Amino acid sequence: ITRHDIVWHRVPHNPRMPFCFRVIGLPGESVEVMDAGRVLIDGEPLDEPYVSDGWPRININPRMRYRWGPATTPSDHYFVLGDQRLNSYDSHAWSDPWVPRSMILGTAIIKCGSGATALLAEKLPLIRLGEPLVGKRPA
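Structure below.
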């Protein structure tokens, strides 16, 4: 598992429900999320060209803006976030933010849609549907 991988996983607080998020924090790293959803790893800004600033904008809740951390990712665990940072129920929102390696089911290789895409398909272009995820890591 490497940074920027999109993984299918379970979480301790809801082991029956699979989630799909992007790996941000690796074991041993300090993770901090700033107000606009921007991430610092060990104090350095993380390049994340895939992050949406709230798209779709019609679904933004101003109370969803947040700061998180800094906190150190435990051994054999990961910190995961959604690309729609301000609309995502991910590590920053869970009482235990860490995903154990043992609960990772696999990595995604193609984009099939998201809850927001499915719910708002009649209002939004589906330009990213079917887009390959392999090779999408920033340089």
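Using this note's numbering, the letters of the sequence shown correspond one by one to residues 176 to 314.
Here a beta-carbon is modelled for each residue, glycine too, at the ideal position from N, C-alpha and C.
Please read these numbers as outputs of a predicted model, since none were measured by experiment.
Could you check the C-alpha separation between tyrosine 253 and aspartate 210 for me, to the nearest Å? Your numbering for residue 253 matches position 78 in the sequence shown. Your numbering for residue 210 matches position 35 in the sequence shown. So the two alpha carbons sit approximately 21 Å from each other.
Using the Cβ count rule (16 or more neighbours within 10 Å means buried), how would you classify threonine 177? One-based indexing of the sequence shown puts residue 177 at position 2. That one is exposed.
C-alpha gap between glycine 257 and proline 275, whole angstroms: For the purposes of this step, residue 257 is identified with residue 82 of the sequence shown, where counting begins at 1. For the purposes of this step, residue 275 is identified with residue 100 of the sequence shown, where counting begins at 1. Their Cα atoms are separated by approximately 17 Å.
Quick check: the Cα distance between leucine 201 and methionine 192, rounded to an integer number of angstroms? Residue numbering aside, residue 201 sits at position 26 when the sequence shown is read from its first letter. Residue numbering aside, residue 192 sits at position 17 when the sequence shown is read from its first letter. Between leucine 201 and methionine 192, the C-alpha separation is close to 22 Å.
Given this structure, state the Cα-to-Cα distance separating aspartate 251 from serine 263, to the nearest angstrom. Taking the sequence shown and counting its residues from 1, the one referred to as residue 251 is at position 76. Taking the sequence shown and counting its residues from 1, the one referred to as residue 263 is at position 88. Rounded to whole angstroms, aspartate 251 to serine 263 spans 23 Å at the Cα level.
Supposed contact pair valine 208 and histidine 267 - C-beta distance, whole angstroms, cut 8 Å: Taking the first residue of the sequence shown as position 1, residue 267 is located at position 92. Taking the first residue of the sequence shown as position 1, residue 208 is located at position 33. Contact flag correct, Cβ pair sits at about 6 Å.
Take tryptophan 269 as the anchor and find which of Arg213, Leu215, Trp183 and His188 has the nearest alpha-carbon. Locating residue 269 in the sequence shown gives position 94, counting from the first residue. Nearest C-alpha to tryptophan 269: His188.
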